[in-house]
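Trainee: With this note's numbering applied, the sequence shown closes on residue 374, and no number is skipped along the way. C-beta: ideal position from N, C-alpha, C; glycine also. One structure coming up, written as structure tokens, with questions to follow.
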Amino acid sequence: MAETISKHERNLSALIHGSTLGRFFVPFGQFILPLVFWLPNRKQSAFVDYHGKQALNFQISLTLYALIIGMVSVPVFLGFLPNIFEGGVFEWGSWDRSWPFRLDFPGDWWDARHLWWPLGLTGLLELGIFIVNIVYTMLATLRTNEGEYFKYPLTIKFIR
């Protein structure tokens, strides 16, 4: 299989996969940079077209997963907050010659273990997505440069 794929096609496909790491230098670089390399070259080579779609689908999928985890974590976290608007935490209108409202946090409020575990769990999930992204992007870049067809795990086919 590697005999029929030219060095230029392998390098270009590896560049498409590697350019998804541009997210660290350019906002939305994980989408923009692969598009810049894939769109002009997708008609010339089926190998380049396949890998461009794979890289973009993987990045879109992981971004979607991260957004879903973030959206789930907010209501879960807020649901675990104590009733901060009741019981003296926020008192609106209590004038003590300083400010129209006063913040009064009880001493044990920040010690609540049930308050922090949702953030810790979703933080670990986000870290896991980040590590999967980096590892599989490097693996795809190396395998593609060797002339192999690489398929990412956990990928939804947005671009067919």
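#1: What does a CB cutoff of less than 7 Å around I283 pick up in its chain, not counting 5 residues either side in sequence?
#2: Is P248 near I230, with beta carbons less than 9 Å apart?
#3: My guess is that G361 and R224 are in contact by the Cβ rule of under 8 Å, so how many angstroms apart are they, rounded?
#4: Which same chain residues, not among the five before or five after T234, have their C-beta less than 6 Å away from its C-beta?
#5: Please report the residue range of the alpha helix (DSSP H) in which I246 lies.
#6: Could you check whether the Cβ of L276 sits closer than 9 Å to any Cβ belonging to chain C?
Mentor: So, to answer that:
#1: T336, L339, E340
#2: yes
#3: 5 Å
#4: Q244, P248, A269, Q273, T351
#5: 243-252
#6: No chain C appears in this structure, which consists of one protein chain only.
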